[in-house]
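Asks: First residue of the sequence shown? That's 737 in my numbering, and the numbers climb one at a time after it. Positions of the beta carbon are idealized from the N, C-alpha and C atoms, including for glycine. All of these numbers come straight from a predicted model, not from anything done at the bench.
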Amino acid sequence: MSSANAHTHRPVIGISAGDLNSIGLEIIIKTFADSRMLELCTPVVFASNKAINFYRKLLNENNFNYQSIKDFTKLNPKQVSVFNCWEEEVQITPGILNETGGKYAARSLAVAVESLKAKQIEGLVTAPIHKKNIQSKDFDFTGHTPYLRNAFNSKDVLMFMTADNMRVGLLSEHVPVSEVAKYVTKENILAKIAMMKDSLVRDFGIDNPRIAVLGLNPHAGDEGLIGNEEIQQIAPAIREAKQRGTLTFGPYSADAFFAREMYTKFDGVLAMYHDQGLIPFKSLASGEGINYTAGLPIVRTSPDHGTAFDIAGKNMADEASFRQAVYSCLDIIAQRKEYAENTRNPLKKTEIASERGAV
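In structure tokens form, the structure reads like this:
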């Protein structure tokens, strides 16, 4: 987090529960058992008292205190609030993948999204879901990112993994490897580059970001010897992005790009598919990495890990990435407000840039 003390206003941050049988509620409780978090934000956990009490007792976490609310007029900025999304008794079985865990993960998320739309909360941090067992007629999506894109009627969004030393965005997300190539089009690449640039400027405060684009094939296609997507789609997109005024470079061979630490020279990296971006990100990211959904009208972050059913309920889960997701959510909310103020007052933006030595 760039400046924890900079948040004089304590934004109201919604927290979705994730799969009830995963590590979700465990890392939420561990994060907010630290009372210092309440100096930064007013957290609202979308779950139920019974679910929270189950995990608080299991963890023997006496430092986590909360109040139960059913409407937002009762918020106490000095306390965690649990917004009860259901009243019925729900059987929680940590580490067990079943329909119950997915059903209530979807309920929590849906209520949190409605609160976002009503502007009752200012940002959302989502605990992990299991993409298979959350499926239902109400949740027919491959994950949080497409669900939120649909919920907010966004034309497109960017799955953007961020850490202290790198930011990696994905052209294609949760799609089979056999289908990745069909997403590698000039139009798609240009759209994601534009979204990445907009996010780097508006959400991260980088005035003229440098963006690297990876190739799809080994050795970035070896000049057409190993595939032609680089020649026919990726390189033309990079050229056009440059013509549109974006500092865009590539296509780079993914293995050499990360092995030679070339990512340190760029503000953002566009990977062609999930593992091409996430394997090096999770291996090389310094500090705690998080997942950010760029392109939405609201701010949503999440930890960079999954449900971890193998350690659920064993008091082994590390809450560091979830805590960083909360920090990042707050930072981006603050940065967006600063950007909005600066763009309303161009003279102020020029003065700030001058102080930074940028003009």
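Identify the residues that DSSP records as bridge partners of A1007: which are they?
Replies: A1007 is bridged by DSSP to L906.
Asks: Can you tell me whether I1116 is buried or exposed, with buried defined as 16 or more other CB within 10 angstroms of its CB?
Replies: A query on residue 1116 cannot be resolved here, the shown segment of the chain reaching from 737 to 1095 and no further.
Asks: According to DSSP, is L756 part of a helix, a strand, or is it coil?
Replies: coil
Asks: Taking 8 Å as the cut-off, decide whether the C-beta atoms of V920 and I970 are in contact.
Replies: yes
Asks: If you reduce the DSSP assignment to three classes, tell me which class P747 lands in.
Replies: coil
Asks: Across which residues does DSSP place L774 in a beta bridge pair?
Replies: In DSSP, L774 forms no bridge with anything.
Asks: Label N757 either buried or exposed according to how many other C-beta atoms from any shown protein chain fall within 10 Å of its C-beta, with 16 as the threshold for buried.
Replies: Under this definition N757 is a buried residue.
Asks: So what does DSSP say about R938, is it helix, strand or coil?
Replies: Correct three-state label for R938: helix.
Asks: Assuming contact is defined by CB atoms lying nearer than 8 Å, are V748 and T778 in contact in what I supplied?
Replies: Going by C-beta atoms, V748 is nearer than 8 Å to T778.
Asks: Between the segment 858 to 868 and the segment 988 to 1007, do at least 3 Cβ pairs fall closer than 8 Å?
Replies: no
Asks: At which residues does the alpha helix (DSSP H) containing V847 begin and terminate?
Replies: 835 to 853
Asks: State whether the segment 1013 to 1032 contacts the segment 874 to 893, with contact taken as three or more CB pairs (one from each stretch) at a distance under 8 Å.
Replies: yes
Asks: Report yes if the CB atom of G986 is closer than 8 Å to the CB atom of A948, and no otherwise.
Replies: yes
Asks: Determine the contact status of Q1060 and D939, defining contact as a CB-CB distance below 8 Å.
Replies: no
Asks: List, from N- to C-terminal side, the beta strand (DSSP E) runs of 3 residues or more that fit wholly inside the segment 983 to 1046.
Replies: Listed in chain order, the complete beta strand (DSSP E) runs (minimum 3 residues) inside the segment 983 to 1046 are 983 to 988, 1004 to 1007, 1026 to 1030, 1036 to 1039.
Asks: With DSSP as the reference, identify every bridge partner of F896, one or two as the case may be.
Replies: G905, Y1028
Asks: Helix, strand or coil for Q969, going by three-state DSSP, please let me know.
Replies: Three-state DSSP puts Q969 in a helix.
Asks: Would you say the segment 1038 to 1050 touches the segment 764 to 772, given that touching needs at least three Cβ pairs under 8 Å?
Replies: They do not touch, by the three-pair rule.
Asks: Just to confirm, is the Cβ distance from F1017 to I763 under 8 Å?
Replies: no
Asks: Identify, in the order they occur along the chain, each residue of the same chain with its Cβ nearer than 7 Å to the Cβ of A977, setting aside the five sequence neighbours on each side.
Replies: If we look at A977 and ignore the five residues flanking it on each side, its Cβ neighbours are L926, I929, T984.
Asks: Given a cut-off of 8 Å on the beta-carbon distance, is the pair S752 and A848 in contact?
Replies: yes
Asks: Confirm, please, whether the CB-CB distance from P945 to L936 is below 8 Å.
Replies: yes
Asks: By Cβ distance below 6 Å, which residues in the same chain neighbour Y791 in space, the five residues on each side in sequence not counted?
Replies: L761, E762, I765
Asks: On a CA-only basis, which of P1033, K868, E797 is nearest G1042? Give me that one, please.
Replies: K868
Asks: Which one or two residues does DSSP pair with N820 in a beta bridge?
Replies: A783
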